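**Student:**
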Amino acid sequence: MNNQNFTIQTKNLSIGYKSKSETFTIAQNINLGLEKGKLIALIGENGIGKSTLLKTITGIIPSLKGEITLLNKPLQSFKPLDLAQELSIVLTEKLPPSNLTVYEIIALGRQPYTNWLGSLSQEDKIKINEAIALTEIGHLIHKKHDEISDGQLQIALIARALAQDTSIIILDEPTTHLDLVHKATLLKLLQKLTHETGKTILYSSHDIDLAIQMADEMIVFTPTQIVQDQPCNLIQTGIFNTLFNTEHLTFDATIGKFKIK
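The sequence shown begins at 145 in this note's numbering and counts up one residue at a time.
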């Protein structure tokens with residue numbers, strides 16, 4: 145797998161954790177390629193290692209083995225500031241108590257570019273305003289972050305990632321705790337951003353039915369393998385029936401949804 149259109153690529157990657165006395169391997173021989181302008185969903189059951197995979201390919205935790213390339217360069221060759229100008233991350237985070245407004249949260253995305261005083265340049269302000277316009281949250285920018293809903297905060301954090309002006313955005317379970325309407329709204333926004341800006345957006349999710357409808361590609365993390373393909377192709381392989389070790393769920397390939405037996 146070698147494609148100049150890949151923004152992130154892994155080759156024979158092993159992920160897990162290492163202590164002084166032992167190594168715990170979660171998954172190995174992972175070969176992925178994330179393309180420009182694609183919305184990619186990472187799915188798998190609770191605790192299987194989705195967050196570990198995301199943290200590994202973004203350099204938050206080290207890999208156990210294999211290669212990770214970012215824009216055709218080894219991930220470990222990037223200095224932190226250079227990496228922050230190419231890759232932005234939205235984790236499942238609760239912001240600490242503060243008086244930050246939504247605008248100030250979005251402005252934090254410009255930290256990799258600001259001078260040592262942290263003052264915003266005209267270019268910084270342009271990028272912030274572009275992010276606000278793309279996410280359509282201009283009506284919220286003067287509100288404190290604890291005055292808005294969880295769904296609105298998620299969109300503000302995505303706007304922060306957009307203001308960071310990176311070619312790749314990684315999101316860890318951005319639809320958690322959102323109702324169906326807000327989940328659909330958020331995923332439509334991510335879909336729009338990939339297609340309008342050419343960015344690569346990878347997000348993890350438990351909402352498999354929605355991911356099948358919205359994602360350009362999916363990475364399916366099962367106990368025995370990790371497979372990447374378009375949703376329509378994955379449906380035909382029957383891989384969704386291997387996701388959960390239960391007799392109470394089955395995947396109906398004719399409608400592309402899980403059903404309770």
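We put the CB at the ideal spot given by N, CA and C, even for glycine. Remember, it's a predicted structure, so these values are computed and weren't measured experimentally.
Look up E211 in the DSSP assignment and give the residues it is bridged to.
**Tutor:** K155
**Student:** How would you label K403, buried or exposed, when you count the other beta carbons within 10 angstroms and need 16 or more for buried?
**Tutor:** exposed
**Student:** I need the DSSP call for G400, collapsed to helix, strand or coil.
**Tutor:** coil
**Student:** When the Cβ atoms of the stretch 249-266 are set against those of the stretch 337-354, are three or more pairs found closer than 8 angstroms?
**Tutor:** no
**Student:** Are the Cβ atoms of G400 and I379 separated by less than 9 angstroms?
**Tutor:** yes
**Student:** Between I201 and I152, which are expected to be in contact by the criterion C-beta below 8 angstroms, what is the C-beta distance as a whole number of angstroms?
**Tutor:** So it is a contact: roughly 6 angstroms between Cβ atoms.
**Student:** State the DSSP-derived secondary structure class of K288, mapped to helix, strand or coil.
**Tutor:** strand
**Student:** For the candidate residues Y347, I174, T344, whose alpha-carbon lies nearest to that of L210?
**Tutor:** According to the sequence as given, residue 210 is Gly; it is not Leu. When only C-alpha atoms are compared, the closest one is I174.
**Student:** Just to confirm my understanding: we take E248, look at its own chain, exclude 5 residues before and 5 after, and list those with CB closer than 7 angstroms. What are they?
**Tutor:** none
**Student:** According to DSSP, is G160 part of a helix, a strand, or is it coil?
**Tutor:** strand
**Student:** Exposed or buried, which one is A185 when buried takes at least 16 other CB atoms within 10 Å?
**Tutor:** buried
**Student:** Which residue marks the beginning of the beta strand (DSSP E) containing I174, and which one marks its end?
**Tutor:** Where I174 is concerned, the enclosing beta strand (DSSP E) stretches over 167-179.
**Student:** Which term fits E291, buried or exposed, when burial requires 16 or more other beta carbons within 10 angstroms of its beta carbon?
**Tutor:** exposed
**Student:** What span of residues does the alpha helix (DSSP H) with E406 cover, start to end?
**Tutor:** Nothing can be reported for residue 406: it is not among the residues displayed for the chain, which extend from 145 to 405.
**Student:** Quick one: is S165 buried, meaning 16 or more other Cβ sit within 10 Å of its Cβ, or exposed?
**Tutor:** exposed
**Student:** Considering only the alpha carbon of each residue, which of T167, Q357, I250, L235 lies closest to P206?
**Tutor:** T167
**Student:** Consult DSSP for E248 and reduce its assignment to one of helix, strand or coil.
**Tutor:** helix
**Student:** So is L225 buried or exposed if we call it buried at 16+ other beta carbons inside 10 Å?
**Tutor:** exposed
**Student:** With a threshold of 8 angstroms, establish whether the CB of I205 neighbours any heavy atom of the ligand NAP.
**Tutor:** Looking at this structure, you won't find the ligand NAP or any other ligand, since it has none at all.
**Student:** Thinking H326 and G295 are a contact (beta carbons under 8 angstroms), I'd like their distance in whole angstroms, please.
**Tutor:** 4 angstroms
**Student:** Give the secondary structure of A185 by DSSP, where H, G and I count as helix, E and B as strand, and everything else as coil.
**Tutor:** Strand.
**Student:** Taking 9 angstroms as the threshold (C-beta atoms), are L214 and L235 in contact?
**Tutor:** no
**Student:** Looking at the structure shown, is D316 part of a helix, part of a strand, or coil, going by DSSP?
**Tutor:** In this structure, D316 counts as coil in the three-state DSSP scheme.
**Student:** Helix or strand or just coil, what does DSSP make of S221?
**Tutor:** Correct three-state label for S221: helix.
**Student:** With distances taken Cα to Cα, identify the nearest neighbour of T386 among Y161, I187, I302.
**Tutor:** Selection Y161, I187, I302 evaluated against T386 yields I187 as nearest (Cα-Cα).
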